[in-house]
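Working notes, beginning with the structure itself.
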Amino acid sequence: MSNRNPIMKTGRTLILPVFALAAVLAATFAAGMKYGTPVIDWNVVWSAVLAPGGEELEHILVSEIRLPRYIIGLMTGALLGASGTLMQGALNNRLAGPELLGISAGASLVIAAVTVLRLPVPFQLQPLLALAGGLAGGAIVVLASRGSRGVAGMLLVGMSVSAMLNGLLVVLIALGTSNDVNLLYIYLLGSLANRSWEHVDRLIPWFAVMLPVAMLLARSVNLLQLGDDAATGLGMKVGRTRMLLLVTCALLVAVTVAQCGPIGYISLLAPHLTRAMLRTTDARLVLPVSAICGAALLSAADGFARLMFAPMEIPVGVWTTLLGGSVFLLYVLIRRGGGPVG
Amino acid sequence: MAKGMFGRERGSFRASYILVLAVLAALLAAMLVLHIAFGRTSFSIAEVAKALLGVSKDAGTRHIVWNLRLPRVLVAMAAGAMLGLAGAILQVVMRNPLVEPGLIGVSAGAVLSVVLAMQWWPGAAPTSGGLSWAALAGGMAAVVLIYLLNGRRGNSGARLALTGIVATSVIQSATSLLLLRNQEGLSSVLLWNFGSLNGRVWMHWSHIWPWGLALFGLAMLLARHASLLRLGDETAAGLGLAVNRMKLLLLLAAAALTAAAVSAVGAIGFIGLIGPHIARRLVGSQPLRLFPASALLSAVLLTAADWAGQSITLTFVLPGMQHHVSSLPVGAVTTLLGAPFFLYLLRRPGARR
Chain A
1 MSNRNPIMKT GRTLILPVFA LAAVLAATFA AGMKYGTPVI DWNVVWSAVL
51 APGGEELEHI LVSEIRLPRY IIGLMTGALL GASGTLMQGA LNNRLAGPEL
101 LGISAGASLV IAAVTVLRLP VPFQLQPLLA LAGGLAGGAI VVLASRGSRG
151 VAGMLLVGMS VSAMLNGLLV VLIALGTSND VNLLYIYLLG SLANRSWEHV
201 DRLIPWFAVM LPVAMLLARS VNLLQLGDDA ATGLGMKVGR TRMLLLVTCA
251 LLVAVTVAQC GPIGYISLLA PHLTRAMLRT TDARLVLPVS AICGAALLSA
301 ADGFARLMFA PMEIPVGVWT TLLGGSVFLL YVLIRRGGGP VG
Chain U
1 MAKGMFGRER GSFRASYILV LAVLAALLAA MLVLHIAFGR TSFSIAEVAK
51 ALLGVSKDAG TRHIVWNLRL PRVLVAMAAG AMLGLAGAIL QVVMRNPLVE
101 PGLIGVSAGA VLSVVLAMQW WPGAAPTSGG LSWAALAGGM AAVVLIYLLN
151 GRRGNSGARL ALTGIVATSV IQSATSLLLL RNQEGLSSVL LWNFGSLNGR
201 VWMHWSHIWP WGLALFGLAM LLARHASLLR LGDETAAGLG LAVNRMKLLL
251 LLAAAALTAA AVSAVGAIGF IGLIGPHIAR RLVGSQPLRL FPASALLSAV
301 LLTAADWAGQ SITLTFVLPG MQHHVSSLPV GAVTTLLGAP FFLYLLRRPG
351 ARR
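Chains A and U are the protein sequences, given in the same order.
Letter 93 of the first sequence, counting from 1, is numbered 93 in our numbering, and no numbers are missing.
Letter 284 of the second sequence, counting from 1, is numbered 284 in our numbering, and no numbers are missing.
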């Protein structure tokens with residue numbers, strides 16, 4: 001029962017942000033369905049969303065192209081947002097994110113290897129392979145940075161490991177045939193373009209299983225936020241829990257990387273925005289809301305990527321890195337050292 | 001490491017210093033011959049020597065050596081020397097062993113402005129010198145930005161590198177954005193962001209060497225003052241050095257070196273990190289000695305990396321790719337070598353600050 005208390009207390013602070021995020025989601029949904037080439041009438045959009053099927057071009061456009069893309073954006077964003085909260089909690093480090101700790105780089109290297117070397121791997125197995133790559137990348141970083149207590153130290157280790165993995169990736173690119181390589185470039189920038197219901201089907205099982213699992217881990221995140229000593233004192237096996245959190249996080253990210261490529265900085269920003277909006281660090285609240293926040297961020301960024309320079313489309317990963325990276329930079333500079341507290 | 005810290009033992013050190021320089025120069029010459037001799041068609045050393053001296057009879061050999069391989073290796077040497085020198089200057093000015101032109105956003109800034117210039121400034125065709133100037137502006141803007149953002153609050157080493165790396169990724173994504181918007185073709189994105197020596201000809205060489213020579217001279221003129229900076233800002237100011245002006249001048253020199261190199265070969269990473277470090281092991285950290293040694297060593301390294309990249313792709317062809325053999329971009333080789341080195345520097349005890 002004690003679980004309920006903080007939620008009741010902060011109920012009022014919760015309502016407004018969630019409403020705002022829901023409004024953003026609704027707006028991006030409407031814009032995502034309506035705009036593009038061609039711009040579709042509201043009536044047609046409405047009927048196409050409510051009653052999928054039909055033969056007209058507009059119906060097919062909405063229900064077969066725009067809708068799955070939007071749904072993939074939602075799920076990917078939610079997974080990324082949740083993984084960011086988990087990772088920042090697990091490492092007790094507000095600057096941590098999968099793109100900075102080698103997970104994204106490892107996962108995308110594996111997928112790139114599959115693409116370029118034409119390894120006979122079925123699509124269903126690709127998330128698992130990406131997972132293995134992501135885990136390997138993350139493990140290298142965690143092992144290599146063992147002992148360096150500093151926040152920035154670990155991030156720098158992560159960066160250099162990522163740089164190495166990217167170097168290998170360029171080697172692959174140099175070896176590949178130009179056709180594969182062009183596919184690979186688009187993939188590596190992180191894009192939601194050309195996704196269909198097939199991709200949705202591949203993503204849904206992971207989404208349905210992993211997100212609740214992440215929610216279950218919120219309590220451990222809360223304990224870890226108190227610091228290792230306090231958590232140990234409260235009877236938690238810190239090392240094991242941290243490993244569990246990191247593996248879960250790698251799972252969440254690897255799935256998205258396998259489907260959409262490495263989309264940067266969403267998982268870094270979503271928890272920060274959420275904590276700022278909710279004015280709490282209680283992971284039981286932050287985790288679900290940051291999933292919603294990640295979904296809102298990614299779908300907004302994707303709408304931007306699709307419509308900004310229409311008919312030319314810029315992969316969404318470019319935008320998230322451009323905008324998210326700048327915000328992150330500002331944050332680091334304002335926060336000076338970037339210690340775990342505050 | 002403390003050897004030659006304050007320029008003591010100058011007399012006894014000079015002989016070994018000259019020896020180091022001579023060995024490096026010999027290595028560089030060896031790399032030159034090796035690089036020219038080895039390729040898809042290999043030549044014997046004698047053939048290379050003949051072609052270089054202009055006494056070769058075979059027109060094909062002459063063409064390959066003079067028009068394809070020699071400019072490439074010369075550009076590699078110049079770019080390597082300039083990046084190494086820039087790295088050494090930056091490490092001295094920021095008093096931070098983790099700094100490198102590629103890591104603090106200078107290369108990325110130069111690349112971004114080159115791409116911008118190619119798009120919106122038609123006068124800046126690769127044949128005119130305009131691109132170098134554009135790169136210069138971008139690199140300087142980046143270095144001044146990073147310095148202003150960090151300089152005031154003390155240069156905690158790791159933090160500077162952290163902001164630099166994030167800034168680099170932001171700038172790189174802006175570059176990708178521009179290239180994609182202009183439908184430049186995706187392959188040029190990575191080519192610029194990683195750097196390559198493929199297809200460099202005499203035009204690139206004639207671009208790069210005046211910058212390199214002039215800026216090397218400037219760096220050597222400033223080196224004596226730069227050595228004072230290592231004592232700390234207060235001490236240097238107390239000894240009568242205009243600290244801020246000197247720092248800015250050195251930073252701009254480093255930015256110009258990087259920018260000129262980048263405008264010819266793209267953002268080749270980590271050379272400016274490894275070169276100065278090894279050079280410091282060899283000749284100590286007195287800038288007057290460090291700068292030339294670091295430039296020479298980095299030239300050797302970049303040429304060797306390019307040679308390794310080429311010979312690897314020529315030797316190990318993966319199954320199914322026999323028809324498509326392009327050589328490895330040199331940026332990939334330097335990153336694969338440099339990133340572990342960076343890791344080692346980070347993990348070394350006492351590297352914290």
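By construction, the Cβ of each residue, glycine as well, lies at the ideal position given by its N, Cα and C atoms.
Quantities reported herein were computed from a predicted structural model and do not represent experimental measurements.
Taking the alpha-carbon of residue i as reference, which of the options has the nearest alpha-carbon?
i	options	result
residue 263 of chain A	A/20, A/50, A/103	A/103
residue 147 of chain U	U/135, U/137, U/133, U/163	U/163
residue 164 of chain A	A/184, A/258, A/137	A/137
residue 343 of chain A	A/260, A/292, A/259	Chain A is shown from 1 up to 342; residue 343 of chain A falls before or after that span and cannot be answered.
residue 93 of chain A	A/285, A/333, A/272	A/272
residue 136 of chain U	U/348, U/106, U/118, U/119	U/106
residue 128 of chain A	A/244, A/142, A/111, A/65	A/111
residue 198 of chain A	A/14, A/21, A/63	A/63
residue 90 of chain U	U/246, U/337, U/35	U/246
residue 135 of chain A	A/298, A/87, A/175	A/87
residue 296 of chain A	A/283, A/235, A/308, A/320	A/320
residue 308 of chain A	A/35, A/23, A/183	A/35
residue 284 of chain A	A/229, A/33, A/235, A/218	A/218
residue 193 of chain U	U/202, U/175, U/232	U/175
residue 85 of chain A	A/312, A/246, A/305	A/246
Please state whether the Cβ-Cβ distance between residue i and residue j is less than 7 Å.
i	j	result
residue 276 of chain U	residue 87 of chain U	yes
residue 93 of chain U	residue 218 of chain U	no
residue 268 of chain U	residue 334 of chain U	yes
residue 192 of chain A	residue 260 of chain A	yes
residue 97 of chain U	residue 196 of chain U	no
residue 329 of chain A	residue 305 of chain U	no
residue 314 of chain A	residue 195 of chain A	no
residue 318 of chain A	residue 189 of chain A	yes
residue 267 of chain A	residue 83 of chain A	yes
residue 145 of chain A	residue 154 of chain A	yes
residue 346 of chain U	residue 156 of chain A	yes
residue 287 of chain U	residue 206 of chain U	no
residue 357 of chain U	residue 212 of chain U	As displayed, chain U neither begins before 1 nor continues past 353, which places residue 357 of chain U out of reach and without an answer.
residue 28 of chain U	residue 300 of chain U	yes
residue 24 of chain U	residue 296 of chain U	yes
I'd like to know whether the C-beta of residue i is nearer than 7 Å to at least one C-beta of chain U.
i	result
residue 328 of chain A	yes
residue 309 of chain A	yes
residue 130 of chain A	no
residue 163 of chain A	yes
residue 159 of chain A	yes
residue 314 of chain A	yes
residue 193 of chain A	no
residue 321 of chain A	yes
residue 137 of chain A	no
residue 332 of chain A	yes
residue 155 of chain A	yes
Could you tell me whether the Cβ of residue i comes closer than 7 Å to any Cβ of chain A?
i	result
residue 166 of chain U	yes
residue 335 of chain U	yes
residue 173 of chain U	yes
residue 97 of chain U	no
residue 68 of chain U	no
residue 144 of chain U	no
residue 342 of chain U	yes
residue 329 of chain U	yes
residue 339 of chain U	yes
residue 181 of chain U	yes
So residue i and residue j are in contact, right, with Cβ under 8 Å, and what is the actual spacing, rounded?
i	j	result
residue 84 of chain U	residue 294 of chain U	5 Å
residue 51 of chain U	residue 61 of chain U	5 Å
residue 48 of chain U	residue 33 of chain U	6 Å
inquiry  = Within 8 Å, do at least three Cβ pairs link the region 72-83 of chain U to the region 110-120 of chain U?
reply    = no
request  = Could you tell me whether the region 255-268 of chain U touches the region 132-140 of chain U, using the rule of 3 or more Cβ pairs below 8 Å?
outcome  = yes
request  = State whether the region 193-209 of chain A contacts the region 71-87 of chain A, with contact taken as three or more CB pairs (one from each stretch) at a distance under 8 Å.
outcome  = yes
query = At a cut of 8 Å, does the region 103-114 of chain A reach the region 239-257 of chain A through at least three beta carbon pairs?
reply = yes
key: Three or more C-beta pairs below 8 Å linking the region 37-49 of chain A and the region 155-170 of chain A   = no
ask   = Are three or more beta carbon pairs between the region 240-248 of chain A and the region 218-228 of chain A nearer than 8 Å?
value = yes
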